[in-house]
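The sequence shown maps to residues 628 to 1023 in my numbering. Glycine included, each C-beta is placed from N, C-alpha and C at the ideal position. Computed from a predicted structure; not experimentally measured. Down below is the structure, laid out as structure tokens.
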Amino acid sequence: MKPKIAVLVLGHGSREENSNLEFVSLVKAYSLTRPDLKIFHAYVELAKPDLETALREISEEYSNIIIFPLFLYTSGHIKNDIPIVLDRIKSEFPDHSFKITNSLGIHSKMVSLLRKRAEEFLPLNKEQSSKTGVIIVNRGSSDPDANGDFYKTVRLFQEGNHFSFVLPSFIGITSPLLPETLEMASKLRPEKLLVVPYFLFGGKLIQKISSLVQNFSEKFPWIKTELTSYLGPDPELFSVMNERIQDCISGKFSLPCDTCEYRAQLPGLSKKVGGLKALLWSIRHLETHNQAAPHLFPHRNLQKHIFVCENIDCASKGSSALVARMRSILKLQGRHLDFKISRSSCMGRCGEGPVVVVYPDGVWYQKVSVEDADDLVSEHLLQDRLVSRLVDNIMQ
């Protein structure tokens, strides 16, 4: 018997043929798990068949059609492009039923899949994990809702783990961009850094991420940096696809609480699940807020405090001239009130000076000369980028 419902799985489309082939392969793999549905595929742009052509052809044979945008989040393509095309198709097939599902969105199983990809490259030892930093990279969108949903996904991933830090980042369109996030990670001094692409498929953006990670690894060799696999086809992904399609068929759409830690067992947070526990957490949360009070600071906060060793060994190698030069550059830039440069007694690195320490970053530099003052100010102080050639080996 011919299936009564046709599902059109919609991809973005890519100029990279391999990426399009990955999409087709995933759709075929998913269709094998759903013989009850007739599943087709199409693209929003950059590849064929396009959405309008595919919809028109499917409508010649099926009258009950579901459009499933296989996107991580609901962005402009789903909000604008699909309804515009659908409006034209509906006028040609007024008696047909057309429904659009939610995107994959924020879901506990997507968080679980993200964790699975990370754990393929991570030690299971809790102590080692605590010395590991993670950067999760998304494509980036001009739609703030989509970017916000990505941040929530990253936060849900972080909640159930014990990493030194977990940072969200983007490869394009919006900030923080991956190069900026990598620079930030370098100052947090992890023993290991894991970069996880939150992408469904490969392509030029994955290649760009790989190149940036390689460059970072060469610049900071003391940080063991690895790039994980992207999401790709997986039973967890297929399960979310099933749920989105079923929600559409039944007319029920997922509420935001489908990732609530009190209802869904997110990795690492299962102890909080349950109605009574949710009530207790709510009461405690309210009590905590009632006790909180803002703290006012009467003074202007410094952005950074820099210490330069003036012990006899460092002084003989020009540390006084280095202090004077850095202060002069900051004054010329009009930034001397944002940074304080202090002379320090011995820092215990005799023979490796002049030594410079930047706080609150906790970054130590060694063998710093007067000629390095310009780079320290322009790169580290003003742009928050490490001057890697001067980094002391105590950061390794």
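Minimum length 4: unbroken alpha helix (DSSP H) runs contained in the stretch 789-839: 805-814
Check C936 in the structure and name its three-state DSSP category. strand
Tell me whether the stretch 804-812 and the stretch 725-742 touch, counting them as touching only if at least three CB pairs, one residue from each stretch, are closer than 8 Å. no
Taking C-beta to C-beta, are F792 and L821 nearer than 8 Å? no
Look up P696 in the DSSP assignment and say whether it is helix, strand or coil. strand
Give me the residue from E643, L653, V634, G640 with the minimum Cα distance to G859. L653
Does DSSP classify H668 as helix, strand or coil? strand
Taking the straight line between their C-alpha atoms, what separation do you get for G829 and Q841? 17 Å
Residues bridged to F966 (per DSSP): K931
For the beta strand (DSSP E) that Y986 lies in, which residues bound it at each end? 983-986
For the structure I just gave you, are there three or more beta carbon pairs, one from the stretch 647-663 and one from the stretch 706-723, closer than 8 Å? no
Which of helix, strand or coil does DSSP assign to V764? strand
Output the boundary residues of the alpha helix (DSSP H) element that contains F865. 862-877
Please state if the CB of V636 and the CB of I666 are separated by a distance shorter than 8 Å. yes
Look at the Cβ atom of L854, then the Cβ atom of S838, and state whether they are nearer than 8 Å. no
Specify, as a first and last residue, the run of the beta strand (DSSP E) that A633 falls within. 633-638
With 16 other Cβ atoms within 10 Å as the buried cut-off, status of N928: exposed
Between Y825 and the rest of its own chain, which residues show a CB-CB distance below 6 Å, the 5 nearest in sequence each way excluded? I763, N765
Closest Cα partner of E998 within the set Y986, S946, I968: S946
Are the stretch 972-983 and the stretch 936-950 touching by the rule of at least three beta carbon pairs closer than 8 Å? yes
May I ask which residues mark the beginning and end of the alpha helix (DSSP H) holding V712? 709-719
Among A951, Q755, K879, L659, which residue has its Cα nearest to the Cα of A1000? A951
Pull up the distance between the alpha-carbon of F924 and that of D965, whole angstroms please. In this prediction, F924 scores a pLDDT of 49, lower than 50, which makes its location untrustworthy; the coordinate-derived value is nonetheless stated afterwards. One C-alpha to the other measures close to 16 Å.
Alpha carbon to alpha carbon, how far is A773 from S702? Give it in angstroms, no decimals. 6 Å
Using three-state DSSP, classify N729 as helix, strand or coil. coil
Member of K779, A745, G799 whose CA lies at the smallest distance from the CA of T852: A745
For N691, which residues does DSSP report across the bridge? S724
Given S796, which residues of its chain have a CB within under 6 Å of its CB, disregarding the five upstream and five downstream residues? I762, V764, P803, L805, T808
Quick one, are the C-beta atoms of D1019 and K931 less than 8 Å apart? no
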